[in-house]
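Below: one structure, written as structure tokens.
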Amino acid sequence: MAAAAKRALALLRAVAGWAALALGAYFLCGWIGSSFPVNRDFRETDDGVEILIATNGVHNSIVMPVRAEGLDWHRVFPPADIGNPYRPYTHVGISWGQREVFLDTPTWADLSPLLVLRVATMGGEGLMHVEHWASPQPSEHYRPLRISREQYRLLVRALLRDLPPPGQRRSYPGYGPQDVFYDARGTYTLYLTCNEWVGESLRRAGILTGAWTPFESSVMKWVERP
Numbered sequence: 330m331a332a333a334a335k336r337a338l339a340l341l342r343a344v345a346g347w348a349a350l351a352l353g354a355y356f357l358c359g360w361i362g363s364s365f366p367v368n369r370d371f372r373e374t375d376d377g378v379e380i381l382i383a384t385n386g387v388h389n390s391i392v393m394p395v396r397a398e399g400l401d402w403h404r405v406f407p408p409a410d411i412g413n414p415y416r417p418y419t420h421v422g423i424s425w426g427q428r429e430v431f432l433d434t435p436t437w438a439d440l441s442p443l444l445v446l447r448v449a450t451m452g453g454e455g456l457m458h459v460e461h462w463a464s465p466q467p468s469e470h471y472r473p474l475r476i477s478r479e480q481y482r483l484l485v486r487a488l489l490r491d492l493p494p495p496g497q498r499r500s501y502p503g504y505g506p507q508d509v510f511y512d513a514r515g516t517y518t519l520y521l522t523c524n525e526w527v528g529e530s531l532r533r534a535g536i537l538t539g540a541w542t543p544f545e546s547s548v549m550k551w552v553e554r555p
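Per this note's numbering, the sequence shown runs over residues 330 to 555.
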């Protein structure tokens, strides 16, 4: 029995060691991938559209004015879909992530290690998160970028790439009275994370960011503090 216990302990240590090595390699690859700039010729424009790159410390989103360049986001994401549709909302924030993580973890305390392990190894269906904001102000967590009108149009196209047509998507209650979730295409993986989805949207629009942005910091490192 003692020998069997020792072998089991040695196996457990080996598994833990390899898991720690794999995790370290993943974070290192993420840091390296996000350090290579894409669209390095990007410059902010004085007469363009101001957007904000938002973060809650773990998850990024892109915040845009409700109406700009002929697009009314309220026609795409009606305020009637949220708990409080009556405020004078001026901006919408869009992000994408894994369905179970979004719907089943209203707070970080609800995020179980088992769910993290399952998502990390198996991925999962995507879901879109839309927040409605009334005059968000630039800050450490809401960093402004003024992009050209053409870049804005490309960004809109990129953000809508995984949104099914209105008749083919459902909405789900958000975390509060001003946000909502929608069905979305795409599969969350260790490569295509919620933050890499934001980074890919920025790259498609010609906006400076990293080549691979799996983490919150991977995106924010390229956006200057206000």
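The C-beta atom is built at its ideal place from N, Cα and C for all residues, glycine as well. A quick note: this is a predicted structure, and the numbers were derived from the prediction, not measured.
Problem - First and last residue of the uninterrupted alpha helix (DSSP H) at Val448 - result: Residue numbering aside, residue 448 sits at position 119 when the sequence shown is read from its first letter. Its alpha helix (DSSP H) spans residues Pro442 to Met451.
Exercise for the section: In angstroms with no decimal places, state the Cα-to-Cα distance between His458 and Val509. Expected result: Reading the sequence shown from its first residue, position 129 is the one you call residue 458. Reading the sequence shown from its first residue, position 180 is the one you call residue 509. If you take the alpha carbons of His458 and Val509, they lie about 6 Å apart.
Exercise for the section: Can you tell me which of the three DSSP states Leu400 falls into? Expected result: The count along the sequence shown starts at 1 and reaches residue 400 at position 71. Strand, per DSSP.
Exercise for the section: Under 8 Å by Cβ, that's how I've got Gln466 and Val448 pegged, so tell me the actual separation to the nearest angstrom. Expected result: Residue 466 sits at position 137 when you count from the first residue of the sequence shown. Residue 448 sits at position 119 when you count from the first residue of the sequence shown. For a cut-off of 8 Å, the C-beta gap from Gln466 to Val448 is around 33 Å, too long to register as a contact.
Problem - the region 439 to 453 contacting the region 405 to 425, beta-carbon criterion three pairs below 8 Å - result: no
Practice task
Measure from the alpha carbon of Asn524 to the alpha carbon of each residue in Ser547, Arg499 and Phe356, then state which is nearest.
Solution key: By 1-based counting over the sequence shown, the position of residue 524 is 195. The shortest Cα separation from Asn524 among Ser547, Arg499 and Phe356 belongs to Ser547.
Handout entry: Nearest-angstrom Cα separation, counted from Ser424 out to Leu492
Key = Taking the first residue of the sequence shown as 1, we reach residue 492 at position 163. Taking the first residue of the sequence shown as 1, we reach residue 424 at position 95. So the two alpha carbons sit approximately 11 Å from each other.
Practice task
Classify Leu483 as helix, strand or coil using the three-state DSSP reduction.
Solution key: By one-based count along the sequence shown, residue 483 stands at place 154. If DSSP states are grouped into helix, strand and coil, Leu483 belongs with the helices.
Handout entry: CB contact flag (Leu572, Val485, <8 Å)
Key = Nothing about residue 572 can be read from this structure; the chain reaches only from 330 to 555.
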